[in-house]
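Chains as they are written, first to last, in the numbering used here: chain A, 1 to 156; chain B, 157 to 312; chain C, 313 to 393; chain D, 394 to 474. All residues carry an ideal CB built from backbone N, CA and C; glycine is no exception. Predicted model, so just to flag it, every value in this text is computed and none were measured. What follows is one structure encoded as structure tokens, with my remarks underneath.
This is the structure in structure tokens:
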């Protein structure tokens, strides 16, 4: 398990290689990459600033990954979340999961993303014409997280 | 949409770059990579041969991707499936989906994989000590496909 | 009519494809004809429930008619991915 | 006790962190104290239901006791990912 909170960009190919190279026990590898979109609803976005809570952020990500590892057989997990100033098209977050089985790899990656949205202390401020605005926490994120609570949805 | 059936290996980073570079409208990118495992049940696997039905294979993949596109808002889809001789640790298949929304990108990638397993004419022969054996179609794959049939499971 | 075999069907019959002259009206009739040829075909078509068939590269049933069909393929359930 | 502010809480108050001398027994009492300081704090703490609090970097409730706590952080619901 490896978790990073960083300003620097990341390379998906490099991260994936670090998880799988030299191994032949992995059957399924899932990656999720979140990117800055140039639109939010009807508004043009010209950039985004990501603020975080140093120390607590890393621990929150470690805890989320540890929880995923108790639920699914994971052979490797990589989480990278950027902070600072980003532009449309920039990568924000990477979650990569490796497992013998594809259902587990998919479920774990979705689980980590859902939990990360509501439990990792990051805050997005979108740059819109005339200023900036803090992104509202979406009810959709709370319900995406809630679906992982008992009964457990996936044991395939 | 782009579909390839090939003997050659692929590079996840290159494929993903081809989907996202120069764009700023994508919010979520999901990749699934299937790899040759060195074990199947209790048996050691020393390689795998993938046979396919040229012509029908490509059309089946195109149809599956087209079906996914009717179900979710997808901005780019890439599918690569290898055939020929593979070794443990080798990549077999890549499915990558890009969407404004993460739930759609995840669901579409899972859907394409589930359908691919039962509808794309590939057959795996595992190399085991003393010979080779054709992989049995798993009931789990049929039920993984069945879950996408009505009622539609995901409209988040 | 071209008849194609894949995976263990191909191995049991011993060839990947052949041209077949037939009056068979349906897939099932074609299977009966082939099965009667020799033990290799009999072995390949022993349990039709373990087989799938495609007509002109589209999945079909064993009672599908063969009129106008140019390519028939027999194979086990798919195991890609 | 160190008190940290993030996102629009930080912007409304005008600083990211400060050291606060307080006898407050709970988070809610600390919020009352801060709210009474000046209009910037009053604006930041106007609607506590829009806020979250962490004690020593672990999420907590507003009625949680402050005994032994070294770091309190106030922020809106998280929006990462």
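Inset, instruction - Please classify residue 465 of chain D: does DSSP put it in a helix, a strand, or coil? - result: Residue 465 of chain D falls in the strand class under three-state DSSP.
Legend entry - Euclidean distance between Cα positions of residue 9 of chain A and residue 21 of chain A: Roughly 21 Å separates the two Cα atoms.
Inset, instruction - Measure the CB-CB distance between residue 224 of chain B and residue 264 of chain B and report whether it falls below 8 Å. - result: Remark: C-beta atoms of residue 224 of chain B and residue 264 of chain B approach each other more closely than 8 Å.
Legend entry - residue 339 of chain C: first and last residue of the uninterrupted alpha helix (DSSP H) it sits in: For residue 339 of chain C, the uninterrupted alpha helix (DSSP H) segment begins and ends at 339-347.
Inset, instruction - Confirm, please, whether the CB-CB distance from residue 191 of chain B to residue 248 of chain B is below 8 Å. - result: By the CB criterion at 8 Å, residue 248 of chain B and residue 191 of chain B fall inside the cutoff.
Inset, instruction - Quick one: residues in its chain with C-beta nearer than 6 Å to the C-beta of residue 319 of chain C, no 5 flanking neighbours on either side, listed in chain order? - result: Correct list, in chain order: 387, 388.
Inset, instruction - Using the Cα positions of residue 236 of chain B and residue 160 of chain B, report the straight-line distance between them to the nearest angstrom. - result: Looking at the backbone, the Cα of residue 236 of chain B and that of residue 160 of chain B are separated by about 5 Å.
Legend entry - Within 8 Å, strictly: CB atoms of residue 50 of chain A and residue 117 of chain A: At a Cβ-Cβ threshold of 8 Å, residue 50 of chain A and residue 117 of chain A do not count as neighbours.
Inset, instruction - Can you give me, in chain order, the residues of the segment 61-93 of chain A that have a beta carbon less than 7 Å from any beta carbon in chain D? - result: The residues in question are 81, 93.
Legend entry - Status (buried if at least 16 other CB within 10 Å, exposed otherwise) for residue 170 of chain B: It counts as exposed.
Inset, instruction - Measuring only between beta-carbons, confirm whether residue 55 of chain A sits less than 8 Å from chain D. - result: At least one chain D Cβ lies under 8 Å of residue 55 of chain A.
Inset, instruction - With 8 Å as the threshold, decide whether the Cβ of residue 461 of chain D is near any Cβ in chain A. - result: Residue 461 of chain D does not count as touching chain A.
Legend entry - CA nearest to the CA of residue 44 of chain A, picked from B:188, B:193, B:180: Among B:188, B:193, B:180, the Cα nearest to that of residue 44 of chain A belongs to B:180.
Legend entry - Contacts of residue 269 of chain B in chain C (Cβ-Cβ under 7 Å): Result: 393.
Inset, instruction - Classify residue 221 of chain B as helix, strand or coil using the three-state DSSP reduction. - result: The answer is helix: DSSP assigns residue 221 of chain B an H, G or I state.
Inset, instruction - Just list the alpha helix (DSSP H) runs in the segment 19-62 of chain A, keeping only unbroken ones of 4 residues or longer that don't cross its boundaries, in chain order. - result: Taken in chain order, the whole alpha helix (DSSP H) runs of length 4 or more contained in the segment 19-62 of chain A number zero.
Legend entry - Which of helix, strand or coil DSSP assigns to residue 97 of chain A: Of the three classes helix, strand and coil, the one that applies to residue 97 of chain A here is strand, per DSSP.
Inset, instruction - Kindly indicate the opening and closing residues of the alpha helix (DSSP H) around residue 113 of chain A. - result: Residue 113 of chain A -> alpha helix (DSSP H) spans 102-119.
Inset, instruction - Report yes or no: do the segment 459-466 of chain D and the segment 444-451 of chain D share at least 3 C-beta pairs separated by less than 8 Å? - result: The segment 459-466 of chain D is in contact with the segment 444-451 of chain D.
Legend entry - Reduced DSSP secondary structure (H/G/I, E/B, other) of residue 395 of chain D: Here DSSP, grouped into helix, strand and coil, assigns residue 395 of chain D to strand.
Inset, instruction - Check each candidate in A:63, A:6, A:31 and name the one with the smallest Cα separation from residue 17 of chain A. - result: Cα-wise, what sits closest to residue 17 of chain A is A:31.
Inset, instruction - Give a yes or no on whether the minimum CB-CB distance between residue 2 of chain A and chain B is below 8 Å. - result: Closer than 8 Å: no.
Inset, instruction - Please check if any C-beta of chain D sits within less than 8 Å of the C-beta of residue 106 of chain A. - result: Taking 8 Å as the CB threshold, residue 106 of chain A stays off the interface with chain D.
Inset, instruction - Starting from the C-beta of residue 245 of chain B, find all residues in its chain whose C-beta is less than 7 Å away, skip the five residues before and the five after it, and write them out in chain order. - result: Excluding sequence neighbours, residue 245 of chain B sits near 191, 192.
Legend entry - Best match in A:104, A:83, A:71, A:72 for proximity to residue 120 of chain A [C-alpha to C-alpha]: Sorting A:104, A:83, A:71, A:72 by C-alpha distance to the C-alpha of residue 120 of chain A places A:83 at the top.
Legend entry - Under 8 Å between C-beta atoms of residue 87 of chain A and residue 47 of chain A: Yes, the pair counts as a contact, with Cβ atoms nearer than the cut-off.
Legend entry - DSSP state of residue 401 of chain D mapped onto helix, strand, coil: Helix.
Inset, instruction - Output the boundary residues of the alpha helix (DSSP H) element that contains residue 299 of chain B. - result: Looking at the DSSP string, the run of the alpha helix (DSSP H) that includes residue 299 of chain B is 295-302.
Inset, instruction - Can you grab the Cα-Cα spacing for the pair residue 452 of chain D / residue 56 of chain A, in whole Å? - result: Between residue 452 of chain D and residue 56 of chain A, the C-alpha separation is close to 10 Å.
Inset, instruction - Answer with yes or no whether the minimum CB distance from residue 469 of chain D to chain A is below 8 Å. - result: Output row for residue 469 of chain D: interface = yes.
Legend entry - Proximal residues to residue 216 of chain B (C-beta, below 7 Å), its chain only, five neighbours per side dropped: By the criterion of a C-beta distance shorter than 7 Å, residue 216 of chain B is surrounded in its chain by 275, 276, 277, once the five residues flanking it on both sides are discounted.
Inset, instruction - Could you tell me which chain C residues have their CB closer than 7 Å to the CB of residue 274 of chain B, listed as they occur along the chain? - result: Correct list: 390.
Inset, instruction - Tell me, please, which residues DSSP counts as bridged to residue 236 of chain B. - result: Beta-bridge partners assigned by DSSP to residue 236 of chain B: B:160, B:250.
Legend entry - Chain-ordered chain C contacts of residue 207 of chain B [CB-CB under 7 Å]: At a beta-carbon threshold of 7 Å, the residues of chain C lying near residue 207 of chain B are 318, 319, ordered along the chain.
Legend entry - Alpha-carbon spacing of residue 327 of chain C relative to residue 317 of chain C, whole angstroms: Straight across, the Cα-Cα distance linking residue 327 of chain C with residue 317 of chain C is about 7 Å.
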